[in-house]
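Take the sequence shown: its letters are residues 1356 to 1607, numbered as in the working numbering.
Here the structure is laid out as structure tokens; the discussion comes afterwards.
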Amino acid sequence: MDPNRDNPIVRFTTFWWALGAFLIFALLLAVIMLFNRKDPQTLEDAAAKPRYEIKAKVEAAQAASLPPAAIDAAIPQVAAKIAAAKPAAVEKPEQVVPGSPTAAKLAAAPPPDTSAIDAAAAAANEPIDPAVMEIGKVQFMVCAACHGQNGEGGPIAPPLAGSEWVTGPVSNLIRIQLRGLQGPIKVAGKEYNFPAPMAALAYQTDEQIAAVLTYVRNNFGNKASAVKPEQVAALRSEVGKPPLTAAELTAP
Ligand code: HEC
């Protein structure tokens, strides 16, 4: 058997030689890498360098200006402010809760001035846009459920065909869409009093409301000017108010 084989001294020196050789290679690699370093080549690399520098600076500045102790000290103050804050009343019409102070405020608001809208609509003499009629036709499916496929009316809603309201002032029609309608109403010479009101359909966009109203004004034998999305937009403040009655509308 080789006497060196299990000699502890030989094993000890071999270990140190191996470690030494390993370190020399590691050092060599480090030196090669050091001299082989390249400047950022791509624009992305060039941009990354200042980004990292700025990020480090910002983080240092933040850490310096907001020490954890200061944050801990501020928490009770913030909590006291939140506890003392009064929630702001909801003013968005579509979010108004019935019976709330905002609903009462809206109900007490004076009716909008519709004369300019109605005068402009009555004077309008442009041809009806077929694309608008197509949108109105789709939207009319909602109305058809109550007013009938051909606007002929039925047991739960008055007719739209031949209705003086439909071909009358556009502000009436827009406001009915935005607020709904309730109570007795006379349509084409006949008195109606339906048990259930027409609910507001204000979820429709200005374009959809304008299109469906243009559609009913120019279908089922009706003929009247188009309704414009701007006219609907101008009356959006009506949303959230209680349903209209025929007495609140402009006489057709
Ligand atoms: C849930 C049923 C229902 C739906 C849906 C409905 N209405 Fe009505 N509508 C009514 C009722 C009921 C009245 C009568 C309200 C009253 O009692 O004064 C009415 C009245 C009207 C009037 C005034 C009276 C008349 O006949 O000219 C117009 C205009 C009108 N609706 C248009 C529409 C349009 C346009 C749509 C679709 C976008 C529509 N309605 C959807 C039920 C409905």
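We put the beta carbon where it would ideally sit given N, CA and C, even for glycine.
- Ranked by how close their Cα comes to the Cα of arginine 1534, the residues Pro1607, Lys1436 and Leu1590 have Leu1590 in first place.
- In this chain, the alpha helix (DSSP H) harbouring tyrosine 1407 covers 1398 to 1420.
- Taking the Cβ atoms as the reference, glutamine 1494 lies roughly 14 Å from isoleucine 1529, outside the contact range of under 8 Å.
- The three-state secondary structure of threonine 1600, taken from DSSP, is strand.
- Judged by DSSP secondary structure, tyrosine 1558 falls outside any beta strand (DSSP E); it is assigned neither H nor E.
- In the DSSP annotation of this structure, the continuous segment of the beta strand (DSSP E) that includes lysine 1545 starts and ends at 1545 to 1547.
- With respect to proline 1607, phenylalanine 1549 sits apart: the two C-beta atoms are not nearer than 9 Å.
- Looking only at Asn1527, Ala1464, Lys1492 and Ile1409, the smallest Cα-Cα distance to alanine 1566 is reached by Lys1492.
- Secondary structure at glutamine 1450: helix, using DSSP grouped into helix, strand and coil.
- DSSP places glutamine 1432 within a helical segment (H, G or I) once states are collapsed to three.
- Rounded to the nearest whole angstrom, the C-alpha separation of glutamine 1537 and proline 1467 is 19 Å.
- In this structure, asparagine 1480 sits away from threonine 1605, with a CB-CB distance that is not shorter than 9 Å.
- When distances are taken from the beta-carbon of proline 1584 to the heavy atoms of the ligand HEC, even the shortest one reaches 8 Å or more.
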